[in-house]
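Peer 1: Residues in the sequence shown are numbered consecutively from 5, following the numbering used here. Yeah, the Cβ is synthetic: ideal placement off N, Cα and C, and Gly gets one too. In this text, all values refer to a predicted model and were calculated from it rather than measured experimentally.
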Amino acid sequence: MLTRDRILPLQTIDQLKWDLGLPNDYPSSFVPNHPDRFSLVHLPDNRVGLKLLFWDDKLAVSEILKNASLQQDQEDIKNGTLAFPVSFTRGFGFRRKCMEWLKEWQKLPYTSPYTNASHLDPRTDESEKRVVGVFHELLHLTLHKQTERKNVSNLRKPLGLPQKFTKAFERHPGIFYLSNKSDTQTVILREAYNGRELIQKHPLVRVREKLANLLKKGLHDKSRGYTRDIDESNSDIESEMDEYDSDGFPIITKEGWGRGG
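(1) Between K161 and N155, what straight-line distance do the alpha-carbon atoms span, to the nearest angstrom?
(2) Whose C-beta lies closer than 8 Å to the C-beta of L124 among residues of the same chain, with five residues either side of it excluded?
(3) Within 10 angstroms of the Cβ of G137, are there 16 or more other Cβ atoms? Answer buried if so, exposed if not.
(4) Measure how close the beta-carbons of I179 and K149 come, nearest whole angstrom, since I'm counting them as under 8 Å.
(5) Under the DSSP definition of a beta bridge, which residues are partnered with I11?
(6) Going by other Cβ atoms of all chains shown within 10 Å of its Cβ, with 16 needed for buried, is S183 buried or exposed?
(7) Any contact between the stretch 41-48 and the stretch 66-83? By contact I mean 3 or more CB pairs, one from each, below 8 Å.
(8) Measure the Cβ-Cβ separation of L24 and L147 and say whether it is below 9 Å.
(9) Can you name, in chain order, every residue of its own chain whose Cβ lies under 6 Å from the Cβ of F92, other than the five neighbours on each side?
(10) One question on the structure: do H176 and F88 come within less than 9 Å of each other, judged by their Cβ atoms?
(11) Is the distance from the Cβ of Y248 to the Cβ of K185 below 9 Å?
(12) If you count every other CB in all the chains shown that lies within 10 Å of the CB of E104, and 16 or more means buried, which is it?
(13) Is the beta carbon of L57 sitting closer than 9 Å to the one on M5?
(14) Would you tell me roughly how many angstroms separate the C-alpha atoms of F34 and Q19, rounded to the nearest one?
(15) From G53 to K168, what distance separates their C-alpha atoms?
(16) Using alpha carbons as the reference points, say which of A216, L219, G222 and N198 lies closest to F4.
(17) For W22, is the classification buried or exposed, using 16 other Cβ atoms within 10 angstroms of its Cβ as the cut-off for buried?
(18) Starting from the Cα of L12, find the closest Cα among G164, D29 and S66 and give me that residue.
(19) CA-CA distance, Q297 and I256?
(20) Pull up the DSSP beta-bridge partners for E152, would you.
(21) Taking 9 Å as the threshold (C-beta atoms), are T190 and G152 in contact?
(22) Taking all protein chains shown into account, decide if S66 is buried (16 or more other Cβ within 10 angstroms of its Cβ) or exposed.
(23) Give the straight-line distance between the Cα atoms of A196 and E108, rounded to the nearest whole angstrom.
(24) Suppose contacts are defined by Cβ-Cβ distances below 9 Å. Is E174 in contact with I68 by that definition?
(25) In three-state DSSP terms, what is P162?
(26) May I ask which residues mark the beginning and end of the beta strand (DSSP E) holding S183?
(27) Suppose the cutoff is 7 Å on Cβ atoms and the five residues either side in sequence are ignored; what does the same chain contact list for Y118 look like?
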């Protein structure tokens, strides 16, 4: 629903499927069960894409708009100048000039990521606010409110984004947190975390946590000689599961949780 043509190549979706909680075989297991909503189509470049057939206005409401009555001033809601929640790591220094720019930028019109924004000049701050809005929404749609930066590399054309669109992550450190843990750049939505804890946990997140705890317990038992039947391929799970960035954000990697959804 965030795309211009309501189509995404399967390769692009595959990069995000773990973050979105999709099963590995979603094209054959999930899509056929919803023929009124989705269809697999052949793209001009000979790839296969997923097409949205049914648009639901109730779903096309961004997280910013959902929470507007709780987080925004009534005057801003009336004028459509909604602001993003912003927070900074303790000790983070932002120059006064930058803070003044940020305050003015927050007052610019908010364009929903679900609406056509082709009228916006990509060189303007208003267009940049739309780009931030797109990724603010996309990260909210992920289970852990984070994804590897490389996973969004193929979204520029489908989402109608300008060149070098990922620069928005660096330009807005109060909205996005960039981690370089384990030599991998991970983009994290700051507002979704209270310290190390994800504030709102999807049921699948809790399932993954329980599975991870069971695997860690098995590894502990194995180290004490209680069991011998745990697959050696899971030997790195404990270290992966306990990874935190230097600022305390948990870095979630699919490699550390085993394979599958």
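Peer 2: On the basis of the supplied data:
(1) 14 Å
(2) T115, E130, S131 and R134
(3) buried
(4) Between K149 and I179 the Cβ distance is about 12 Å, and since that is not below 8 Å, they are no contact.
(5) K55
(6) buried
(7) no
(8) yes
(9) G178
(10) yes
(11) yes
(12) exposed
(13) no
(14) 17 Å
(15) 24 Å
(16) Past the edges of the chain, shown from 5 to 265, lies residue 4, and the structure says nothing about it.
(17) buried
(18) G164
(19) With the chain covering only 5 through 265, there is no way to say anything about residue 297.
(20) T190
(21) The sequence given here places Glu at residue 152; Gly does not occur at that position. The answer is yes: Cβ separation under 9 Å.
(22) buried
(23) 24 Å
(24) no
(25) helix
(26) F180 to S183
(27) M5, L6, A64 and S66
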